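Number of protein chains: 2
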Amino acid sequence: MNQKEKQIMDAAQKLFIIKGFRVTSIQDILREAKIAKGTFYNYFNSKNECLMAILDSVNEEIKNERMKLVFHEELDDETVFIKQVDVRFKMDKKHNLMALFHSIPISDDEDLKKFMEKHYKLELEWIANRLVDLYGAEISNHALDHAISLLGILQQGMYATKLFKMEMKKTEDVIKFALQRMKQVIQINQSDTVFFTNDYLHASNKPKDCENYKEVIIIQLRDLMSTVQNKKIHDYLQFLLEELQEKKPRLYLIESVLESLQKELKIKDMEFEGQKISQLVWRFMERWKNENSSTKAFN
Amino acid sequence: MNQKEKQIMDAAQKLFIIKGFRVTSIQDILREAKIAKGTFYNYFNSKNECLMAILDSVNEEIKNERMKLVFHEELDDETVFIKQVDVRFKMDKKHNLMALFHSIPISDDEDLKKFMEKHYKLELEWIANRLVDLYGAEISNHALDHAISLLGILQQGMYATKLFKMEMKKTEDVIKFALQRMKQVIQINQSDTVFFTNDYLHASNKPKDCENYKEVIIIQLRDLMSTVQNKKIHDYLQFLLEELQEKKPRLYLIESVLESLQKELKIKDMEFEGQKISQLVWRFMERWKNENSSTKAFN
DNA sequence: ATACATTTTATACCGATAGTCCAAAAATAG
DNA sequence: CTATTTTTGGACTATCGGTATAAAATGTAT
């Protein structure tokens with residue numbers, strides 16, 4: 003990593019910890035890092051990208067710590083597992099990420115969302131594997147089930163302890179609590195049906211990017227078109243279909259037509275359908291704008 | 003509710019659903035509601051307040067639906083409970099609130115945070131009570147424990163199904179899954195120790211407001227002062243102590259001194275302490291700014 | 001109907017923000 | 001030393017949330 007890049011990241015990290023991510027402006031970072039604006043944008047295209055870089059390094063740190071913990075220990079040692087899990091929460095606390103990391107789907111930035119999702123999946127997978135380490139291959143069918151449940155109890159427990167100001171409780175205690183409960187589930191559960199089958203984790207992420215989005219929308223539009231015979235609505239839908247196929251869809255036109263379409267649909271008592279379409283198209287437009295506004299690095 | 007107010011809320015709600023909360027600007031709302039800016043600020047002091055009003059109405063709706071569901075049914079009927087829980091998730095889906103409601107601590111706005119916390123507690127309490135309805139007074143000790151765990155599995159399960167694009171699964175299925183797991187815990191768990199005792203729910207919220215914050219900070223500062231003999235650091239701490247007591251603390255001064263203090267502490271290998279203090283003071287200043295910038299309604 | 005009070009509108013304004021652009025200075029590499 | 005890359009500093013745009021205000025519209029009591 004470049005020296006300047008590190009300098010920026012350190013400054014940003016410090017401010018994120020002290021002030022919090024959202025209230026830290028790029029201006030703040032520049033001041034703290036004693037750096038010009040151009041330099042910042044030389045390394046990151048946005049504050050979000052900077053955050054992702056920091057999170058990456060934090061995750062790297064977590065990974066290393068966890069590896070160190072298990073280095074000369076047995077894989078099926080529960081106390082080791084607890085400590086390993088604790089690494090994440092301790093780190094989150096240290097970096098003031100509690101809010102950020104565990105409220106994954108909040109961001110409106112598609113890239114950040116994807117980033118969070120990726121790391122969420124990795125964490126789930128890690129937990130699932132470790133649970134198999136701990137409780138044997140018999141539970142591997144239910145590994146993902148259990149991982150999701152455990153993570154759920156963990157997060158909720160952490161949040162609750164914070165909310166209830168139970169500062170006396172250490173994060174480790176919460177983990178022990180969660181694991182205790184999970185063990186009870188695990189013991190009984192062997193015969194039960196699997197809800198989250200393991201292949202979900204690796205199911206090739208149906209690419210949900212801009213292009214694919216378009217296809218989904220088009221299908222939805224065609225669907226809707228075939229069920230409605232009203233001329234006006236039909237025309238609107240037809241226009242949307244065509245405009246979305248354009249290389250440079252005129253967003254302002256789409257926006258306007260969408261508005262009218264929704265009104266028409268509402269008259270026909272199909273408000274819900276209108277909302278659904280609008281929602282999809284809006285998301286598409288947001289994405290399109292992002293992809294075409296800045297010349298982003300492809301990584 | 004006023005007619006105009008409803009008009010605004012409807013417009014806002016529609017946009018929040020379609021575009022999402024964060025990307026919807028107040029300007030958008032004005033356009034959608036065909037209303038002047040002044041009118042908006044006549045009813046709400048901010049976008050956040052508007053959101054809270056909407057969420058309040060949604061919560062009201064949820065409450066009613068749940069009451070209807072249990073009206074002529076038995077309280078210990080599991081299927082009724084499942085449907086009741088489902089009301090929330092269905093509603094969240096309908097209003098595109100998934101992300102918002104379940105990522106509670108994200109906001110930087112203190113009021114919104116408090117609002118979210120309040121409703122989170124209410125939901126926890128409701129679940130805890132319903133669990134007692136279902137499984138008898140014997141579990142009432144563990145009711146909060148179980149409520150937290152259940153909510154954790156629920157949220158995590160919902161998020162995972164969405165992430166894995168398991169659209170075939172209905173929200174009800176996820177609830178059944180979560181409840182299934184919880185039942186196993188509940189059955190065994192009777193003898194186990196209680197982690198979240200019920201009184202946490204009603205523990206008079208130690209007021210964490212601006213004034214109280216100050217006290218905490220002052221204690222921390224005194225603490226630190228007594229452990230450090232370095233003259234410079236001592237002076238800085240002394241200044242902070244005095245300035246924070248002022249009616250109108252000069253934030254820019256505090257900011258500057260904080261900066262220097264942190265540097266000094268870093269030299270003495272007490273970076274962590276520096277961060278902690280800075281964090282506290284920053285939060286205090288944020289809060290102070292909010293409380294003193296606008297003349298807010300006291301409600 | 002008239003006079004008064006309240007609400008609404010339209011618009012200008014403020015400060016802060018993210019992000020772009022560019023020419024000149026500085027650092028670095030060959 | 002020269003050529004290239006990086007960095008700087010500032011100007012610039014557009015948008016945002018929010019304030020302020022005068023004038024117009026609306027409602028209300030007599």
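Line by line, the protein sequences are chains A and B. Numbering of the first sequence is given in our numbering, commencing with residue 3 and proceeding in unit increments. Numbering of the second sequence is given in our numbering, commencing with residue 3 and proceeding in unit increments. Yeah, the Cβ is synthetic: ideal placement off N, Cα and C, and Gly gets one too. Quick caveat, the model's predicted, so the values are computed rather than measured.
- The alpha-carbon separation between B/F241 and A/K21 amounts to approximately 21 Å.
- A check of alpha carbon separations from A/L57 across A/N4, A/K185 and A/F18 identifies A/F18 as the nearest.
- Contacts between A/K21 and chain B, judged by CB atoms closer than 7 Å, involve W284 in chain order.
- For B/Y202, at least one C-beta of chain A is nearer than 8 Å to its own C-beta.
- Taking one beta carbon from each stretch, the segment 28-38 of chain B and the segment 54-70 of chain B have fewer than 3 pairs nearer than 8 Å; the two do not touch.
- Taking the Cα positions, A/L77 is about 15 Å away from A/E67.
- Of the other Cβ atoms in all chains shown, fewer than 16 fall within 10 Å of the Cβ of B/L124; this residue is therefore exposed.
- Take A/F286, set aside five residues on each side of it, and the residues of its chain with a beta-carbon closer than 8 Å to its own are C212, Y215, K216, I219 and L246, in chain order.
- Using beta-carbon distances, B/V72 does not count as an interface residue toward chain A, since no partner is under 8 Å.
- Nearest Cα to B/Q264 within the set B/H121, B/N131 and B/Y238: B/Y238.
- Excluding five sequence positions before and after A/E127, the CB atoms of its chain that fall closer than 7 Å to its own CB belong to L203, given in chain order.
- For B/D271, the three-state secondary structure derived from DSSP is coil.
- Sequence-ordered contacts of the segment 50-76 of chain A with chain B are nonexistent [C-beta pairs closer than 9 Å].
- Straight-line spacing of the CA atoms in A/P251 and B/T26 works out to 21 Å.
- Within 9 Å of the CB of A/E119, the CB atoms of chain B belong to L165, in sequence order along the chain.
- Take A/I84, set aside five residues on each side of it, and the residues of its chain with a beta-carbon closer than 7 Å to its own are E174, I177, K178 and L181, in chain order.
- Cβ contact annotation for A/E140 (same chain, cutoff 6 Å, sequence separation greater than five): none.
- Counting other Cβ atoms within 10 Å of its Cβ, A/T163 reaches 16 or more and is therefore classed as buried.
- Around the beta-carbon of B/A205, fewer than 16 other beta-carbon atoms lie within 10 Å, marking it exposed.
- Measuring C-alpha to C-alpha distances from A/D194 to each of A/Q158, A/L99 and A/S142 identifies A/S142 as the nearest.
- With fewer than 16 other Cβ atoms from the protein chains shown falling within 10 Å of its own Cβ, B/Y43 counts as exposed.
- The three-state secondary structure of B/T26, taken from DSSP, is coil.
- Counting along the chain, A/I37 sits inside no alpha helix (DSSP H), nor does DSSP assign it H or E at all.
- Neighbours of A/G40 in chain B, taken as residues whose beta carbon is under 8 Å from its own, are absent, since the nearest beta carbon is some 24 Å off.
- Under the Cβ distance rule, B/F18 does not count among the residues neighbouring chain A, no pair being separated by less than 8 Å.
- Closest by C-alpha distance to A/I28, out of A/N200, A/I235, A/Y161 and A/K49, is A/K49.
- DSSP, reduced to helix, strand and coil, places A/K172 outside both helices and strands of the structure shown, so it counts as coil.
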